[in-house]
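The listed protein sequences correspond, in order, to chains A and B.
Under this note's numbering, residues 1 to 286 are what the first sequence spells out, in order.
Under this note's numbering, residues 287 to 948 are what the second sequence spells out, in order.
Below is one structure, written out as structure tokens; the observations come after it.
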Amino acid sequence: MTVTPLGIPRRLLEFTLDGEPVRVPEGSTILDACRAAGKDVPTLCEGDTLTPRNACRVCVVEVEGSRTLVPACSRRAEPGMEVRTSTERARHSRKVVLELLASSVDLSTTPRTAEWIKEYEAEPDRFGPGAARLDEEPRVDNDLYVRDYDKCILCYKCVDACGDQWQNTFAISVAGRGFDARIAVEHDAPLTDSACVYCGNCIEVCPTGALSFKSEFDMRAAGTWDESRQTETTTVCAYCGVGCNLTLHVQDNEIVKVTSPHDNPVTHGNLCIKGRFGFTHVQNRD
Amino acid sequence: MDLRFGDSEPTDEERAAVDALLGPPESSWEGADRSDADLRWARGGRAARDRRDLLLPGLHAVNDRVGWISEGALHYLCRRLTVPPAEAYGVATFYAMFSVRPRPATVLHICTDLACTAAGANQLHTSVEARLGPESGVQVERSPCLGLCERAPAALVIRAGDDPARPGVPPPGECENEARPGPNGGPGAEPPGDGGGTSRSSEAESGGGKGRRGRETPRATAVCAPATPETAIRTATAPESAPAEPPPPTAVPQAGDPTLTLLHRIGAADPTDLDDYRAHGGYTALRRAFALGPAAVIREVTDSGLLGRGGAAFPTGRKWQATAAQPDHPHYLVCNADESEPGTFKDRVLMEGDPFALVEAMTIAAYATGAHKGYLYLRGEYPRALRRMEHAIAQARARGLLGDDILGQGHSFDMEIRRGAGAYICGEETALFNSIEGHRGEPRTKPPFPVEKGLFGKPTVENNVETLVNVLPVLTMGAQAYAAIGTERSTGPKLFCVSGSVARPGLYELPFGATLGELLRLAGVRDNLRAVLLGGAAGGFVRPDELDIPLTFEGTRAAGTTLGSGVVMAFDDTVPLPRLLLRIAEFFRDESCGQCVPCRVGTVRQEEALHRIADRRGADAADDIALLREVGRAMRDASICGLGQTAWNAVESAIDRLGAYE
Numbered sequence: 001m002t003v004t005p006l007g008i009p010r011r012l013l014e015f016t017l018d019g020e021p022v023r024v025p026e027g028s029t030i031l032d033a034c035r036a037a038g039k040d041v042p043t044l045c046e047g048d049t050l051t052p053r054n055a056c057r058v059c060v061v062e063v064e065g066s067r068t069l070v071p072a073c074s075r076r077a078e079p080g081m082e083v084r085t086s087t088e089r090a091r092h093s094r095k096v097v098l099e100l101l102a103s104s105v106d107l108s109t110t111p112r113t114a115e116w117i118k119e120y121e122a123e124p125d126r127f128g129p130g131a132a133r134l135d136e137e138p139r140v141d142n143d144l145y146v147r148d149y150d151k152c153i154l155c156y157k158c159v160d161a162c163g164d165q166w167q168n169t170f171a172i173s174v175a176g177r178g179f180d181a182r183i184a185v186e187h188d189a190p191l192t193d194s195a196c197v198y199c200g201n202c203i204e205v206c207p208t209g210a211l212s213f214k215s216e217f218d219m220r221a222a223g224t225w226d227e228s229r230q231t232e233t234t235t236v237c238a239y240c241g242v243g244c245n246l247t248l249h250v251q252d253n254e255i256v257k258v259t260s261p262h263d264n265p266v267t268h269g270n271l272c273i274k275g276r277f278g279f280t281h282v283q284n285r286d
Numbered sequence: 287m288d289l290r291f292g293d294s295e296p297t298d299e300e301r302a303a304v305d306a307l308l309g310p311p312e313s314s315w316e317g318a319d320r321s322d323a324d325l326r327w328a329r330g331g332r333a334a335r336d337r338r339d340l341l342l343p344g345l346h347a348v349n350d351r352v353g354w355i356s357e358g359a360l361h362y363l364c365r366r367l368t369v370p371p372a373e374a375y376g377v378a379t380f381y382a383m384f385s386v387r388p389r390p391a392t393v394l395h396i397c398t399d400l401a402c403t404a405a406g407a408n409q410l411h412t413s414v415e416a417r418l419g420p421e422s423g424v425q426v427e428r429s430p431c432l433g434l435c436e437r438a439p440a441a442l443v444i445r446a447g448d449d450p451a452r453p454g455v456p457p458p459g460e461c462e463n464e465a466r467p468g469p470n471g472g473p474g475a476e477p478p479g480d481g482g483g484t485s486r487s488s489e490a491e492s493g494g495g496k497g498r499r500g501r502e503t504p505r506a507t508a509v510c511a512p513a514t515p516e517t518a519i520r521t522a523t524a525p526e527s528a529p530a531e532p533p534p535p536t537a538v539p540q541a542g543d544p545t546l547t548l549l550h551r552i553g554a555a556d557p558t559d560l561d562d563y564r565a566h567g568g569y570t571a572l573r574r575a576f577a578l579g580p581a582a583v584i585r586e587v588t589d590s591g592l593l594g595r596g597g598a599a600f601p602t603g604r605k606w607q608a609t610a611a612q613p614d615h616p617h618y619l620v621c622n623a624d625e626s627e628p629g630t631f632k633d634r635v636l637m638e639g640d641p642f643a644l645v646e647a648m649t650i651a652a653y654a655t656g657a658h659k660g661y662l663y664l665r666g667e668y669p670r671a672l673r674r675m676e677h678a679i680a681q682a683r684a685r686g687l688l689g690d691d692i693l694g695q696g697h698s699f700d701m702e703i704r705r706g707a708g709a710y711i712c713g714e715e716t717a718l719f720n721s722i723e724g725h726r727g728e729p730r731t732k733p734p735f736p737v738e739k740g741l742f743g744k745p746t747v748e749n750n751v752e753t754l755v756n757v758l759p760v761l762t763m764g765a766q767a768y769a770a771i772g773t774e775r776s777t778g779p780k781l782f783c784v785s786g787s788v789a790r791p792g793l794y795e796l797p798f799g800a801t802l803g804e805l806l807r808l809a810g811v812r813d814n815l816r817a818v819l820l821g822g823a824a825g826g827f828v829r830p831d832e833l834d835i836p837l838t839f840e841g842t843r844a845a846g847t848t849l850g851s852g853v854v855m856a857f858d859d860t861v862p863l864p865r866l867l868l869r870i871a872e873f874f875r876d877e878s879c880g881q882c883v884p885c886r887v888g889t890v891r892q893e894e895a896l897h898r899i900a901d902r903r904g905a906d907a908a909d910d911i912a913l914l915r916e917v918g919r920a921m922r923d924a925s926i927c928g929l930g931q932t933a934w935n936a937v938e939s940a941i942d943r944l945g946a947y948e
């Protein structure tokens, strides 16, 4: 049985969302309120298990009295606030942010961006063929996972998951500045020369597919990756007594990826190297 | 924390540089040899982790000594401070003044920003670079504004090496010479070496290998402005014998005018002499502050109507009140002296010409807001201001004007200088906190605001240098008399950094309310004026027919422009406008921290579009101007901090007000 922690009861506060009065528990973000009200505000850098970094700025909304737009993912709702999620101003910024990202980063494996680009009528090609791109090559320096920074939107989620928010390994950081900023280990060395413990918790939170299992990367390269043919089975890791939940992604009777449910009270989506990558013996058929 | 340090070891020199800052390592945890005591308990760890804020000074120590930061040096510093190497690498690569790759010990920064470009900096750079090849032992770099606009074009030489003077103690006889003399003599004394005595000659420079030069030569910095190719090269090859920089009063054309309030000591009092400072009215404001008590000091500052002079014009009294009222302790005081807005040099002149005034003003601010520790975050490109402030702080400390029980009033306050390392973004208040704390200088999300959670997560009051210095006349004159200066909503005197196409560039003090025309006439504006840039790269251009704009916060706002930090840069018709706009765009692209998408990619797209239309006009440029407007609007609306929000201002104003591409 899964015990769902109820937490301390929280007072409700009331504010106006797109002209409608809404009530949310104290401490909720504007994004929480939007989701509760069934509004689809796009997000990229927001992660359900991480403190918002509000780096991508695709979730911006208009708040009465604020000079600039406000990131819905991190701004807490306040009583009496007047929030509008779909004004021309907010939609314009979302559109430009999508254009800026799509014109510089490979978003082909980022869920929903194609849909949003259509919805906001973004035209990433308008910056011309000379528009600077990240131009990074995939880094395949170990057998477990691949870092394809051409797909990186610099959302900081992997850094936070590796650092003080979950893993406490601090193997990666943002290095450089501005458009040249990249996620890197010290001296931009291969992962094998870093503090990485291969827990794969960075892959779990990566919103773009820049970090992926080597198995997924190879199958995508071979053109055999097909999520519609995959099943997901949640089970309990057998390696130790902690009882982490694993979700095995299986295609053609082969485990191709392992994740963990983000709402699992044991893991919150995190695993160790054994749970994450130690699955090959399961499919040893000799 | 899974700390993992690679196999690379620091050189003896790198180890010595770090140990000079942090003291010798106490346990094997910190990199010392393992002793019997280490087998019983481990020292370091948590205690060392609390010293994360020494990461930036540590990187400076290595860079000052060796000229670049090697893997071994970074790892040793990380071990000493219990910082993960990946994070330290992220910090080291954030700052323009550091290099994680080998480079020559001497770096010549040639300012190619607005005022210097207008004064021919690009030709200077090309010609210097052609003559200082790789074999010269000098690395030539294009630099953003060095804050020497009144003497454009400017160049700054930084040569790594042993520091002959201990940090915090300027060499005796320090006055106007900018090179740090050797331990036993003034400028020109032979630096300590291996007996060869050739260390400062150019042949030694050319014979030296990469990154090893620091061993033989003392560390030196020298400013060369206005620079010619010849003087720049001479200064770069022998910074310790470079001619003295002109004294600070030369940057103040009004020096000696008895009506000056903020600048009256510059040129009158010796900036290195505390007694002279007191003879010229120093420390009367602090005595009055002690007589009034903290609450009344805040009331005076509030009643004076003093608004922040760093660019945002926030009421200083309100900020102090909000910090003083916070129940959480300790409170911190931070002085933002990371003046990097292109065209701004007021804080430099104040710190070089009247350093004790800042020490006194910070003491007052700390007393009022209940802070016992202050940080002066000083721009890394200001060697003379650094020495002057170090000297002033040491003097004040020696005389009991800093420390416990100041003036026998029982108030304790001390301050520390933290050097920036070449990042415009660190002038943003929360980025500055991150920088001091030893993290990447990226702005934080607000709220929470600094008055609630600032430096080290504690209530912090952060003020600009000029703002703080204004507190002295507020207290000596009284709030009413101070508020009578200027206009109703912009009170007091204001400093203006006038540069570009004027006969007498420099720092001017005028009461708020003077018009742009009056200021420019005072500075000797020339006839062929094409445009005036107000507020720096984040400000806006105005036309020569708009010189009746009153120089107040409300007056410039009403005219659709900004006063910003007080930059007034005049351009004549000899400088092509598109070229200036391109330089502004390059500046923002280089200085964006990269945290948020609108600024990180938007500044790149802005620069690309301005490149495309550099030679186009009218309909040929219309598409790209429309694109610029759309990107600019999103940057202004959706960026995290003021950098991205203002990165399009100057370009927009040039298009709209000056008709730049018509």
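Just so you know, even glycine gets a beta-carbon here, dropped at the ideal spot from N, CA and C.
Original post:
If you measure beta-carbon to beta-carbon, which residues of the region 56-71 of chain A are closer than 7 Å to chain B?
Top reply: Listed by position along the chain: Cys56, Arg57, Val60, Thr68, Leu69.
**OP:** For B:Val304, count neighbouring C-beta atoms within 10 Å of its own C-beta (all shown protein chains included) and say buried if the count is 16 or more, exposed if not.
**Re:** buried
Original post:
Using Cβ-Cβ distances below 9 Å, what residues of the region 200-212 of chain A are close to chain B?
Top reply: The region 200-212 of chain A vs chain B, Cβ under 9 Å: nothing.
Original post:
Residues of chain B with a CB under 7 Å from the CB of A:Val140: which are they?
Top reply: The premise fails here: A:Val140 is roughly 20 Å from chain B at the closest Cβ pair, so nothing lies under 7 Å.
**OP:** Report the neighbours of B:Ser878 on chain A: residues whose CB is nearer than 8 Å to its CB, in chain order.
**Re:** Arg177, Gly178, Phe179
**OP:** May I have the straight-line CA-CA distance separating A:Leu31 from B:Lys744, to the nearest angstrom?
**Re:** 28 Å
**OP:** With DSSP as the reference, please indicate the residues paired to A:Ala175 in a beta bridge.
**Re:** A:Arg182
Subject >> Helix, strand or coil at B:Arg595 [DSSP, three-state] >> reply: In this structure, DSSP gives B:Arg595 a state outside helix and strand, which the three-state scheme calls coil.
Original post:
My guess is that B:Ala684 and B:Val645 are in contact by the Cβ rule of under 8 Å, so how many angstroms apart are they, rounded?
Top reply: No, B:Ala684 and B:Val645 are not in contact; Cβ-Cβ is about 12 Å, not under 8 Å.
Subject >> Under 9 Å from the C-beta of B:Asp1035: neighbouring residues of chain A >> reply: Residue 1035 of chain B lies beyond the range of chain B shown here (287 to 948); nothing can be said about it.
**OP:** Whole angstroms is fine: what's the gap from B:Leu341's alpha carbon to B:Arg332's?
**Re:** 15 Å
Original post:
By DSSP, does B:Ala508 sit in helix, in strand, or in coil?
Top reply: B:Ala508 falls in the strand class under three-state DSSP.
**OP:** Please confirm if B:Arg960 has its CB atom under 8 Å from at least one CB of chain A.
**Re:** There is simply no residue 960 of chain B to check, as chain B begins at 287 and stops at 948 in what is shown.
**OP:** Report yes or no: do three or more beta-carbon pairs, one from the region 9-24 of chain A and one from the region 78-85 of chain A, lie closer than 8 Å?
**Re:** At 8 Å Cβ cutoff, the stretches touch.
**OP:** Compare the C-beta of A:Glu186 against all C-beta atoms of chain B and say whether one is closer than 8 Å.
**Re:** A:Glu186 belongs to the set of residues whose beta carbon lies under 8 Å from a beta carbon in chain B.
Original post:
Looking at the C-beta of A:Ala122, does it have a partner C-beta in chain B at a distance below 8 Å?
Top reply: Chain B contact via Cβ: absent.
**OP:** Put B:Met701 into one of helix, strand or coil per three-state DSSP.
**Re:** strand
**OP:** Could you tell me whether any Cβ in chain A is nearer than 8 Å to the Cβ of B:Gly497?
**Re:** Note on B:Gly497: pLDDT 41, under 50, position unreliable in the model; no value is reported.
**OP:** Measuring only between beta-carbons, confirm whether B:Gln409 sits less than 8 Å from chain A.
**Re:** Taking Cβ atoms only, chain A never reaches closer than 8 Å to B:Gln409, which makes this a no.
Subject >> Close Cβ partners of B:Arg704 (< 6 Å) along its chain, the five nearest in sequence each way excluded >> reply: Tyr661, Tyr663, Ile722
Original post:
With a Cβ-Cβ cutoff of 8 Å, do B:Leu593 and B:Phe839 count as a contact?
Top reply: yes
Original post:
Would you call B:Pro504 buried or exposed, if buried means 16 or more other Cβ atoms sit within 10 Å of its Cβ?
Top reply: buried
Original post:
Should the region 781-797 of chain B be regarded as contacting the region 840-853 of chain B, the criterion being three or more beta carbon pairs within less than 8 Å?
Top reply: yes
**OP:** Specify the secondary structure class of B:Met1034 as computed by DSSP and reduced to three states.
**Re:** Missing from the structure shown is residue 1034 of chain B; chain B here goes from 287 to 948 and no further.
Original post:
Quick one: what's got a C-beta closer than 8 Å to B:Ile899's C-beta in the same chain, skipping five residues either side?
Top reply: Pro864, Asp906, Ala907, Asp910, Ile911, Tyr947
**OP:** Using 10 angstroms around the beta-carbon of B:Leu325, count the other beta-carbons present and answer buried if the total reaches 16, otherwise exposed.
**Re:** exposed
Subject >> Residue from B:Gly810, B:Ala318, B:Gly918, B:Asn349 whose Cα sits closest to the Cα of B:Gly949 >> reply: One cannot answer for residue 949 of chain B here, as it falls past the ends of chain B, which runs 287 to 948.
**OP:** Quickly, what does DSSP pair A:Ser212 with across the bridge? List them, please.
**Re:** A:Val146
Subject >> Proximity test, Cβ basis, 8 Å: A:Asn270 and chain B >> reply: By this cut-off, A:Asn270 is not an interface position.
**OP:** Please compile the residues from chain A whose C-beta is within a distance smaller than 7 Å of the C-beta of B:Pro370.
**Re:** Phe170, Ala195
Original post:
By Cβ distance, which residues of its chain are closer than 7 Å to A:Leu211, with the 5 residues on each side in sequence left out?
Top reply: Tyr145, Arg147, Cys158, Cys202, Ile203
**OP:** Compile a chain-ordered list of the residues in the region 92-118 of chain A whose CB is closer than 7 Å to at least one CB of chain B.
**Re:** His92, Ser93, Val96, Val97, Leu100, Leu101, Ser104
Original post:
Cα separation between B:Ala524 and B:His725?
Top reply: 35 Å
Original post:
Who are the neighbours of B:Phe380 on chain A, taking C-beta pairs under 7 Å?
Top reply: Arg177
Original post:
In its own chain, which residues sit with a C-beta less than 7 Å from the C-beta of A:Pro9, not counting the 5 before and 5 after it?
Top reply: Around A:Pro9: no qualifying Cβ.
Original post:
Among the residues of its own chain, which have a CB less than 7 Å from the CB of B:Val811, if the five just before and after it don't count?
Top reply: Val788, Ala856
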